[in-house]
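**Q** Following UniProt numbering from start to finish, the sequence shown increments by one per residue and tops out at 82. The C-beta atom is built at its ideal place from N, Cα and C for all residues, glycine as well.
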Amino acid sequence: MALMITDECINCDVCEPECPNDAISPGEEIYVIDPNLCTECVGHYDEPQCQQVCPVDCIPLDPERHESQEQLMQKYRIITAA
1 MALMITDECI NCDVCEPECP NDAISPGEEI YVIDPNLCTE CVGHYDEPQC QQVCPVDCIP
61 LDPERHESQE QLMQKYRIIT AA
């Protein structure tokens, strides 16, 4: 699954620089995660780094984006090969 940022986001700016895939960017009101770039840090780290640094715990799994570990690893390979 890709991750998502909920409305509880306080725009603290700590998650964006932690994303190894540059999937996080400022949105109109809160930060957003591009699901096409989010691998939940698979291939980079053991745990999603944005979740680790978020002070308000507003980065859950996106229920609309079910992806297996294998799919996330394949996405990682595609992203990093470019």
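When DSSP labels each residue in this structure, what does Ile78 get in the three-state scheme?
**A** Helix.
**Q** Alpha carbon to alpha carbon, how far is Thr80 from Pro60? Give it in angstroms, no decimals.
**A** Their Cα atoms are separated by approximately 24 Å.
**Q** Considering only residues of the stretch 13-68, which uninterrupted beta strand (DSSP E) runs meet the minimum length of 3 residues and lie entirely inside it, listed in chain order?
**A** Whole beta strand (DSSP E) segments, 3+ residues: 24-26, 31-33.
**Q** From this set, Gln69, Leu72, Ala2, which residue's C-alpha is nearest Val32's C-alpha?
**A** Checking every option, the nearest Cα to that of Val32 belongs to Ala2.
**Q** Count the other C-beta atoms from every protein chain shown that fall within 10 angstroms of the C-beta of Asn11, then say buried if there are 16 or more, exposed otherwise.
**A** Asn11 comes out exposed.
**Q** Suppose you measure from the CA of Pro63 to the CA of Gln49; what does that come to, to the nearest Å?
**A** Computed Cα separation, rounded: 19 Å.
**Q** Within 10 angstroms of its Cβ, does Ile78 collect 16 or more other Cβ (buried), or is it exposed?
**A** Looking at its Cβ environment, which holds fewer than 16 other Cβ atoms inside 10 Å, Ile78 is exposed.
**Q** Using only the alpha-carbon positions, how far apart do Pro26 and Asn36 sit?
**A** So the alpha carbons of these two residues sit roughly 16 Å apart.
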